[in-house]
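Down below is the structure, laid out as structure tokens.
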Amino acid sequence: MRSIADRFPLTASGVVLAVGSAAALVAGRRSLDLVLSLAGAWGLALVIVSGASTALAALVVGIRLRRALHDAFGLDAATVDRRVPTGLGLRWPIWPLVSRHPEWRWLAPESTAELERRADGSLGEMVRPTHRAEALEIVRRGVVTDALGLWRFPIRAQQAARTLVLPDTGALSGVDLAECLASGDVIAHPHGPAEGDRVDSRPYTRSDPARMILWKVYARHRELLVRTPEPARSPIHRPLLYLVAGEEDEPAAGTVRALWESGALGGGARFATAGTPVPVDGDDEFRHALARSYAQRERGAADLAAALAEPDVHDDPVVVACPARSGPWRDDLAAIVAQRPERFLILVCGDVVPVRRRTDASRVRRWVFRERRIGGTAWDDVLAAASAFRTTGARVAAVDRRGGRLLVVEGGVADGSQMATSA
Amino acid sequence: MSQLVRRDLGRPDPVWPLALVAAAAAVGLAQPFSTPLVVAAAALGTVAGCFGGARLARTPLRGWVVVAGAILALGLVFAASRGASALRPPFGLVSAESWAHGRDAATLLVAGALIGTLLAFLPRRARFLRPLPLVLVVLAAIVHLWPHRGGAINRPLIVGDLAYLHGMHPAFLLGLAGALAGLIGSLALLREGGVRRALAVGAVLGLTAAGLLAAYPSLGVFSFSDTDPLSLTSEDGERGPRRARSAGGEGGREDGQQGLRLVGPGGEGRAEGGPDQIPFRDDYSSDGQQVPVAVAVLHDDVEPGNGVYYFRQVAFSNWNGRRLVRSYRERAGEGIFTRFPAGGPITATPPPGRALRRDLPVSMALLRDHYQPPVLVDGVEIAPSPNPDPSMFRRTYSSVSSVLIASPQDLFGYRAGSPAWSAPYRRELLEAPSDPRYASLAQEIRGSLRRAYRNDPWAKALGIAYWLETNTRYSQRSKHATATDPTASFLFGSRVGYCVHLAHAVTYLARSLGVPARVAAGYAYVAEHRGDGSALLIRSGDAHAWSEVYLEGVGWVAVDPSPPTLDPMAPAPDMDLQSLLGELARGGNNPIAESMPDAWQPPTWREILRALALLALSAWIVGVATKLWRALAPRFARPASAARLAHRASLDRLVEAGVVREFGESREAFAARAAAFAPSFAPLSDAVVRTRLARSARPLERAAELADSVRRELVARRGARAWLAYLSPFDWTRSR
């Protein structure tokens, strides 16, 4: 559709104005109406003058852009959804009929972009990547329009520049994530000493030693709880972090990045993902593998089996981050997890938004008001996706990247007592 | 990399241009029908509606809800207004007139608001509707100037009189109105805010409009397409002449007075419409259009004996076995001018019968292109004449015609034909269709004449005309065009036809009785339409074909029967328009305008430049005075406002240095940024912020001194440029 629009630079308003003006001119000449005739001629003149001016401006902008690209640089470790300047300085023609509000975006790596006036009068470029990516070339697309909205002339420029865009971690804090997940054997408690500590508790059962009973808690709540041993911060195991790439996997990628960069998994953690079946353990390799995985989204969890088959991963715990939106990878993942569920922790990740269900709105309301489209997932959907993995027997948690929440799902329902909020 | 600052590209999609344009449209549409109060209410409501509609477009309300709601509300408003019209003013508090005006004002206030809402809402939801306000403005202009349609450029009278009094071209005023309406409406399309931006766009659009107005007349203000059933005119080479002469080598291009006129190449195979033959049509009507095509100015008070001014353009005399076509024999072109005069006059053989004729000089001004000049019969000379208004007239020339002033009674007794004719030419003018019904009918008509007149050619012609007037009906809609012989179909069929049928019928019947005859085509103007003036406004509806018979010693005489018509009578020409176009065709100065001592004269370029210079100087003085006042105000300020005024003065100084507070930038942030230029500015800014936030804040002491410090710091930094900045009169408008 865009390519068609690019080949036909007249906008809908321009078409209406041109056709209407031509009709007015013909009708005016037929009826000898000089007002209508001149108004029609005026409309056509307006379309022509505006089009010529905008086309010339597009030509000038194209030439200046290609010159300016020599001084621009790529993005090194930019973050999705975070605005970042690129160093491009472009002089925009300040002509009366040419719009000073250009449409500007990056086609590759896909990003929204804006041109902002700088102190020296030129326009600086600010981009906001829409997804993680690793690219060797930047493709820009701008649209020069006229001030009256009659014409749109697209321009396109390619620049050889290495770009690395990493996912946004949102409101997640790796430490808080680890605190919430540390009750199992997968992740050590981040605050515990290296040799382990008794920091957790559970209800008293027979055979528990009395010295482990938390008497202060009993005095307050009349509940008998006992201290339980906690795994060490630096477990012997080296957990494998795996990202299932797929549709709407940015929250999962962000969660993976938060876990990795916080060091919550310990120094020996390794990372594998779609397109990177051999686990990597260096920070640089992690970042490139994470960014590259966007291009391998169709592989889903296909490389998980290969990663698990690596000799040094054989018995280590595995943290799998997957999107809340289900995909063809789900059955593969469930089958792999079901083989040894005790070593898996599955994080179902999404960007939770307070979405009003269609069923909640009355029919009249839906007729009267447009439904607002907000990018994100309902919390219920994330929980439902997480609960679906409970059948595998693995530990499952739902992660809200945007809100910084994590909920460990027990038996298919959310266990509110284990909810962590790090926002 | 330069430091990025906040966006300063102007606010996109502003509402105020739309509001202004919509208000203009509301005024234009309501003004003809309402009082000023009601018009003002409509404009006010429209402006408010525009802003409301723009806000509404940002809500999640669906479009159809707003549209349906607005339409419903409009219906309710007008219903309520109608209901209120039945009510009397309560308690007689106001007069009935005031009550009615108030009711109308309230109605249009709400209606304007609703329409304004739609005007702002719809284009924001559906981009292709953005030209909607433009349409409304043009519509308003059309409503005001509607009467001029159809070529009556003297209407409405306010425009016609204005042009007449000031010696301006009314068509120019009308075109100016159309272009201005388009220009004003176009501002509603503006998608970027800022007054300066709008002024820049408006200036470019103004130049475009001026260019358009300058170029449009050269395209022919009146070169409109119109029905042209007799193919007398030529438009853009598409219609009209296809061949000037098929023999004799004359054709192609002819030098015209205003340049080259295409006479048209080829056309050999053209069956209909060319000058070689006259077309028969089933529908000859022009839908009542009476479009001006030419103006003839008579230079003497001469009226033809038969009461009709015939402007002959072409004649058809050669019977080719199927119909009459143009003849190229030596004498066939008598009284026909096949080309326009270019370098000098073109003369023709004068017709005989000088005693029966009187010379009449005529100035012709054609409003449409014609393939050859129509000349008042019988033209003896045409000569080029200067075109007084090339934007109006396609071509002008003068002619001298030998007008037959003898009455019909005076033409009895003359013999038919001319002894000077060659035998083939005489045979050609007597050749009639082989259909025996023509001869039979002709003899029948001849038999109905008195015995004494049965051999008189003119009596025969009059008898034929009389028979046709009493036995046929005139209608521009007939069904003969597809017949093998349309004339026979008319004459021996329904007997309903138009001038072409009648002219052919007269010609065939006259020839059957031995009277040389031919069909002429051009324009016929009824003399009584002339009134007291000397200008004849020839309209497209005056296109006509008539028959001519040749009488020895007289020449070609028109025989033009007028049977009862089945069609509505064509209206007489507009006398005002006829007079106005006559004045324009004469090219002389407007006598009325000259007699008006206070008549407005357009300013000269020198006057315009002087006025502009004065305006610029005044603006500069006002700007500098304001600037000085703002700079000196802190010295005379009360303690309570000293900080504010000193802050304002310092802001002005900073603006001069190019340090401007951006939109959205807080005062504190700006003060921090400006500290690099003037460190003394920070305490001033801080004092102003404190005063704004807490009214009980203690007034800043030494505010004027701080302002002075800012000035000194900037002078020290910028040197002479700081002093030069005082000459810039309006940079203080950027202070914020």
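Protein chains in written order, with the numbering used here: chain A, 1 to 423; chain B, 424 to 1159. Glycine included, each C-beta is placed from N, C-alpha and C at the ideal position. Remember, it's a predicted structure, so these values are computed and weren't measured experimentally.
Kindly provide the ranges of any beta strand (DSSP E) runs that are 3 or more residues long and lie completely inside the region 752-807 of chain B, ordered along the chain. 780-789 and 802-807
What are the residues of the region 39-57 of chain A that lie near chain C, defined by any Cβ-Cβ distance shorter than 7 Å? The structure shown contains no chain C; the protein chains it does contain are A and B.
Counterpart residues of G403 of chain A in DSSP-defined beta bridges: Beta-bridge pairing links G403 of chain A to no other residue.
So if I threshold CB-CB distances at 7 Å, which residues from the region 534-553 of chain B count as touching chain A? R550, F551 and R553
Quick one: which chain B residues come within Cβ less than 9 Å of T273 of chain A? By Cβ distance, chain B contributes nothing, its closest Cβ being about 34 Å from T273 of chain A, past 9 Å.
Closest by C-alpha distance to L779 of chain B, when choosing among B:Q832, B:P811 and B:Y794: B:Q832
Since I887 of chain B and V929 of chain B are thought to touch, with beta carbons under 8 Å apart, how far apart are those beta carbons, to the nearest angstrom? Confirmed, Cβ separation roughly 5 Å.
Distance between beta carbons of A113 of chain A and R105 of chain A, contact taken as under 8 Å: 5 Å
Beta-bridge partners of Y897 of chain B, as assigned by DSSP: B:G920 and B:T988
Who are F344 of chain A's beta bridge partners in DSSP? A:V318
What does DSSP give as the partner residue(s) for P715 of chain B in the beta ladder? B:R962
Boundaries of the alpha helix (DSSP H) in which R869 of chain B is found, first to last residue: P859 to S871
Under the three-state reduction of DSSP, which class applies to L10 of chain A: helix, strand or coil? strand
Beta carbon of Q736 of chain B, beta carbon of I769 of chain B: below 9 Å? no
Is any beta-carbon of chain A found at less than 9 Å from that of A738 of chain B? no
Residue-level contact to chain A via CB, H571 of chain B, 9 Å cutoff: yes
Take T1049 of chain B as the anchor and find which of B:I1031, B:R1071 and B:S1064 has the nearest alpha-carbon. B:R1071
Does G20 of chain A get closer than 9 Å to chain B when you measure Cβ to Cβ? Interface residue, yes.
V47 of chain A beta carbon less than 9 Å from that of L10 of chain A: yes
Can you list, in chain order, the residues of its chain with a C-beta nearer than 7 Å to that of V624 of chain B? Leave out the 5 residues immediately preceding and following it. L613
Using a Cβ-Cβ cut-off of 9 Å, state whether G266 of chain A counts as contacting chain B. no
Quick check: is the beta carbon of R620 of chain B nearer than 9 Å to any beta carbon in chain A? yes
Count the CB pairs spanning the region 345-356 of chain A and the region 394-404 of chain A that are closer than 8 Å, and state whether there are at least three. yes
So, at 7 Å on beta carbons, what are the nonlocal neighbours of A694 of chain B in its own chain, with the 5 sequence-adjacent residues on each side left out? Any reading at A694 of chain B is ruled out, since the residue's pLDDT is 33, under 50, leaving its predicted position unreliable.
Same chain, Cβ closer than 6 Å to R139 of chain A, five either side skipped, listed in chain order: It is Val, not Arg, that sits at residue 139 of chain A in the sequence shown. Cβ neighbours of V139 of chain A beyond the five flanking positions: L107, A108 and Q158.
Check whether the Cβ of V558 of chain B lies closer than 9 Å to any Cβ atom in chain A. yes
By the criterion of Cβ-Cβ separation under 7 Å, what are the contact partners of V16 of chain A in chain B? F551 and P554
Rounded distance between the beta-carbons of A1127 of chain B and A1069 of chain B, thought under 8 Å: 6 Å
For P203 of chain A, write down the residues that DSSP places opposite it in a beta bridge. A:L225
When you compare the CB positions of A882 of chain B and L925 of chain B, do they come within less than 9 Å of one another, or not? no
Quick check: is the beta carbon of D33 of chain A nearer than 9 Å to any beta carbon in chain B? yes
Where does the unbroken beta strand (DSSP E) through L240 of chain A begin, and where does it stop? L240 to L243
Spatial neighbours of L936 of chain B within its chain, please: CB distance less than 7 Å, with the 5 preceding and 5 following residues excluded, ordered by chain position. A865, R869 and K883
What whole-angstrom Cβ distance do A717 of chain B and M815 of chain B have, given they're in contact under 8 Å? That pair is no contact at about 12 Å.
C-beta contact flag for F551 of chain B and V16 of chain A at 9 Å: yes
Under 9 Å, do F739 of chain B and V942 of chain B count as touching if we go by C-beta distance? yes
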